[in-house]
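> Here's a structure for you.
2 protein chains.
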Amino acid sequence: MVNHYEDNLNDIFHALADSTRREMVQMMAERERTVSELAEPFDMSLAGISKHLKVLERANLVERSINGRTHICRLNTESLSQATKWLQFYERFWNNRFDLLESELMKAKKNEN
Amino acid sequence: MVNHYEDNLNDIFHALADSTRREMVQMMAERERTVSELAEPFDMSLAGISKHLKVLERANLVERSINGRTHICRLNTESLSQATKWLQFYERFWNNRFDLLESELMKAKKNEN
DNA sequence: TTTATATTTAACTAAATGGTTGAATATAAA
DNA sequence: TTTATATTCAACCATTTAGTTAAATATAAA
């Protein structure tokens, strides 16, 4: 059994583990962007940006539509919320743990009196 | 200016971009674990697990206390919620976009009549 | 039809990653 | 004091990554 869900999470987290790519995501969060727009803020070759874009696409974080000679890139919510869901699931555990700790502390405090 | 926040996000997302490490996180979410406990489900050398653990520690996702010859590993909420916050911030943008789209569709529907 | 623009592809490189094995360290148990 | 257990460290290896430059492709503009 191949686990596509796991593969996808690998790709998503990997894609987000790079400052340049996260900045690109930020830019696309504001609005759609062409490849050269995405490249503009960075001191990096267009080929370099093109590669980063591919990593984001592999993770399904970005979709592209080709309009003449310019490519228009936009974010895809689906993958992002997959990652968020994973994180939030485990945060819940911690928060429960903390709630537990807190209630223990409250008990302890009561017994002080 | 060095950006520690960005570095940290790189480390966190990188740490989470590996199935083995995510499973280790899951285990520690349930309760504290020793290194050998963490290693048990995997078909991998202890040295391998030890390295994965280091990656999680570098990301501040895990803290370790040494108790005799066994090391006890537990999760650190802080880093996880840093990642969650980053993700949620950008999800907000998308959701706003979707709300906008939705209201446009409503308008269009009205004009149909 | 020629030239300029937008982008990708290919080939290359240095560094990082994910794994291994074998030896080292430190502590606990016999 | 010897032996067993828990863990890390060091050295190594194959693969992936993040970047480069130069050439290729495709479209738009002169």
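Respectively, the protein sequence lines represent chains A and B.
Sequential numbering from 0 applies to the first sequence in numbering that gives the first Met the number 0.
Sequential numbering from 0 applies to the second sequence in numbering that gives the first Met the number 0.
Ideal placement from N, C-alpha and C gives every residue a C-beta, glycine not left out.
Bear in mind that the values here come from a model prediction, so they are computed numbers and not experimental data.
Is the beta carbon of A28 (chain B) less than 7 angstroms from the beta carbon of Y4 (chain A)?
Stepping through the second sequence from its first residue, residue 28 (chain B) is reached at position 29. Stepping through the first sequence from its first residue, residue 4 (chain A) is reached at position 5. Against a cut-off of 7 angstroms, the Cβ pair of Y4 (chain A) and A28 (chain B) comes out as no contact.
> For L60 (chain B) and T83 (chain A), which I take to be in contact (beta-carbon distance under 8 angstroms), what is that distance rounded to the nearest angstrom?
Against the second sequence, residue 60 (chain B) aligns to sequence position 61. Against the first sequence, residue 83 (chain A) aligns to sequence position 84. Not quite, the Cβ-Cβ distance comes to about 16 angstroms (not below 8 angstroms), so this is no contact.
> Excluding the 5 residues flanking T69 (chain A) on each side, which residues of the same chain have their C-beta closer than 7 angstroms to its C-beta?
For the purposes of this step, residue 69 (chain A) is identified with residue 70 of the first sequence, where counting begins at 1. Result list for T69 (chain A): T33, in chain order.
> Is there a Cβ of chain B sitting closer than 7 angstroms to that of L45 (chain A), yes or no?
Mapped onto the first sequence, residue 45 (chain A) falls at position 46. No, L45 (chain A) lies away from the interface with chain B (no Cβ there is under 7 angstroms from its Cβ).
> Can you find the residues in the same chain that come closer than 8 angstroms, C-beta to C-beta, to H13 (chain B), ignoring five residues on each side of it along the sequence?
Position 14 of the second sequence, counted from the first residue, corresponds to residue 13 (chain B). If we look at H13 (chain B) and ignore the five residues flanking it on each side, its Cβ neighbours are V54 and A58.
> Alpha carbon to alpha carbon, what distance is there between N9 (chain B) and R63 (chain B)?
By 1-based counting over the second sequence, the position of residue 63 (chain B) is 64. By 1-based counting over the second sequence, the position of residue 9 (chain B) is 10. Annotation: R63 (chain B) to N9 (chain B) spans about 21 angstroms, alpha carbon to alpha carbon.
> Compare the Cα-Cα distances from E31 (chain A) to each of A:C72, A:M23 and A:A46 and report the closest residue.
One-based indexing of the first sequence puts residue 31 (chain A) at position 32. That would be A:C72, whose Cα lies nearest to the Cα of E31 (chain A).
> Between S78 (chain B) and I11 (chain B), is the Cβ-Cβ spacing less than 7 angstroms?
Within the second sequence, numbered from 1, the residue matching residue 78 (chain B) stands at position 79. Within the second sequence, numbered from 1, the residue matching residue 11 (chain B) stands at position 12. For S78 (chain B) and I11 (chain B), yes; Cβs fall inside 7 angstroms.
> For a cutoff of 7 angstroms on Cβ pairs, would you count H51 (chain A) as touching chain B?
Looking up residue 51 (chain A) in the first sequence gives position 52. Not closer than 7 angstroms to any Cβ of chain B, the Cβ of H51 (chain A) fails to qualify, so no.
> Alpha carbon to alpha carbon, what distance is there between R21 (chain A) and M43 (chain A)?
Reading the first sequence from its first residue, position 44 is the one you call residue 43 (chain A). Reading the first sequence from its first residue, position 22 is the one you call residue 21 (chain A). Going by the C-alpha atoms only, they are around 15 angstroms apart.
> Could you tell me the alpha carbon to alpha carbon distance between T76 (chain B) and R91 (chain A), rounded to whole angstroms?
The residue you call residue 76 (chain B) lines up with position 77 of the second sequence. The residue you call residue 91 (chain A) lines up with position 92 of the first sequence. Answer to the nearest angstrom: the Cα atoms are 10 angstroms apart.
> Let me check understanding here. Comparing Cα to Cα, which of B:D6, B:N2, B:N7 and B:D17 lies closest to N2 (chain A)?
On the first sequence, position 3 is the one that residue 2 (chain A) refers to. When only C-alpha atoms are compared, the closest one is B:D17.
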